[in-house]
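The structure under discussion appears below in the form of structure tokens.
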Amino acid sequence: MSRLACLRAAAPILGVCLALASPAVARIVIPDHPAADEGSLTVVLADGWELAGVAATWYPDEGLLVVERPDGARRTLKPEQLAGLRDARGRDVTAEILPPWAIERLGGEMPPPSPPVPVEPAPKPAPVVPAPEPPDDPMADWYEVGGRQDADSWRGSARDPRAIFEIGAGYSAPHDQHFANLDGGFAFEATLRLQLAGPIYLSGGYLHQMLQRNDYMIAVPCGYPDDGCLVTGTADPTISGPWAGLSIVSAARTAQPVRFYLEGGVGRFAVEEMPLWSLDDAYLGYRLATGFLIPVGDQAAINLGVRALRIENLDFGWYGRDGDTMLGVHGGIALYGF
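Each step along the sequence shown adds one to the number in the numbering used here, with nothing skipped, and position 36 is 499.
Shown next, in the form of structure tokens:
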């Protein structure tokens, strides 16, 4: 074979090699994000709503799923708010995005995939009439990236505490001329509330109420020694004892809500240093309280409220056996247990 024939045979092979070596042709394009981040997911909520055409990212430190629409609006969801996730082909990809512990806490079940329905071509498409938005629109709490809520979006919604422990003090005074016109005094109290269901809590505690003698206190005659008059020395009277009852604490609506509470209970109270004619060891009492728990963090709050205490069957001589009432204010520190 001559040189000219060899050059003619090698020309096509040389052209292909030059073309492959050119940087304009041999460039390899790698996508920046997987297909799931380009709005190809459908997030199914526990209440049946579906958020289609979104991207979803799981944040393990916060335990939240961040869903992002193509326009940049985001929403954070807890596992209890989810039923699952599907890709563009309708395949369940929940286990590929959420960890096993989050899957166990899903708040709903994925609906079965719908079989494909053949679509017959219509001669003319019907005009699309936009439907009114329902009142419970799940898109209502979407917001633009960088908005005012962006800094708080990672906290999620608050939970109601399963237990509330409180230590506090206050000041109470007898109502009208009750307790033989003793002056009011300081009170100290420890309270524990355990959640039964929703806003209803089982509550109980221990109360220690102090009273003060005054110069114009009504004198109570002792009568005969066998009458049991318990006039003592100069020590100040006290009322103390345990109580138990029920509390109603308002549910959480925000990350750190101000909670209103109302509680009542009955107890067995002992009195000391009072001019009583009865020799009972303890007396039936009723306790009523209301107020607000003002948060100072995720797990603590300041309690500001009012108290009422009524003791039955106290016998102050000529008054006979009757109920005596005290009214006062209260403050304390409450600790939440979730």
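No residue lacks a Cβ here, since even glycine has one placed at the ideal position from N, Cα and C.
Where residue i falls, given that 16 or more other Cβ within 10 Å makes a residue buried
i, result
"Trp740", "buried"
"Arg549", "buried"
"Ala660", "exposed"
"Tyr799", "buried"
"Ile796", "exposed"
"Arg554", "exposed"
"Phe652", "Note on identity: in this sequence residue 652 is Glu, with Phe being the wrong assignment. Per the 10 Å Cβ criterion, buried."
"Arg622", "exposed"
"Ala565", "buried"
"Ala764", "buried"
"Arg538", "buried"
"Gly511", "exposed"
Beta-carbon proximity list for residue i, same chain, < 6 Å, skipping 5 on both sides
i, result
"Leu540", "Leu528"
"Thr520", "Val529"
"Arg773", "Tyr749, Gly786 and Thr788"
"Leu751", "Gly727 and Ala771"
"Leu747", "Glu775"
"Glu513", "Thr505 and Val507"
"Leu725", "Ile711 and Thr753"
"Leu777", "Asp787"
"Gln762", "Tyr799"
"Gln719", "Pro758"
"Pro705", "Tyr669 and Gly730"
C-beta atoms of residue i and residue j nearer than 8 Å
i, j, result
"Gly547", "Val507", "yes"
"Phe801", "Pro624", "yes"
"Gly633", "Val759", "no"
"Leu767", "Gly794", "yes"
"Pro542", "Leu569", "yes"
"Gln544", "Ala509", "yes"
"Ala636", "Leu657", "no"
Neighbourhood of residue i by C-beta distance below 7 Å, restricted to the same chain and skipping five residues each side
i, result
"Thr654", "Glu629, Ser666 and Gly668"
"Pro700", "Leu645, Leu674, Val734, Glu735, Glu736 and Met737"
"Arg490", "The pLDDT assigned to Arg490 is 35, lower than 50, so where the model puts this residue is not dependable, and the model offers no usable value."
"Phe723", "Ser713 and Phe755"
"Ile702", "Gln672, Phe732, Val734 and Ile774"
"Ile560", "Ala519, Trp521 and Leu548"
"Ala558", "Ile566"
Rounded Cβ spacing between residue i and residue j (contact assumed at less than 8 Å)
i, j, result
"Val729", "Leu756", "That belief does not hold up - the Cβ atoms of Val729 and Leu756 are roughly 23 Å apart, past 8 Å."
"His671", "Ala698", "Actually they do not touch by this definition, with Cβ atoms about 14 Å apart."
"Pro523", "Pro562", "7 Å"
Minimum Cβ-Cβ distance from residue i to chain D less than 8 Å
i, result
"Pro662", "Of the protein chains in this structure there is only one, and it is not chain D."
Heavy atom of the ligand PLP within 7 Å of residue i beta-carbon
i, result
"Pro700", "Absent from the structure shown: the ligand PLP. Ligands present: none."
- Query: Would the region 659-672 and the region 702-720 be scored as touching if the rule is three or more Cβ pairs under 8 Å?
  - Reply: The region 659-672 is in contact with the region 702-720.
- Message: Contact between the region 641-652 and the region 784-796 is defined here as three or more beta-carbon pairs at a separation below 8 Å; is this criterion met?
- Response: The region 641-652 makes contact with the region 784-796: 3 or more CB pairs, one atom from each, lie closer than 8 Å.
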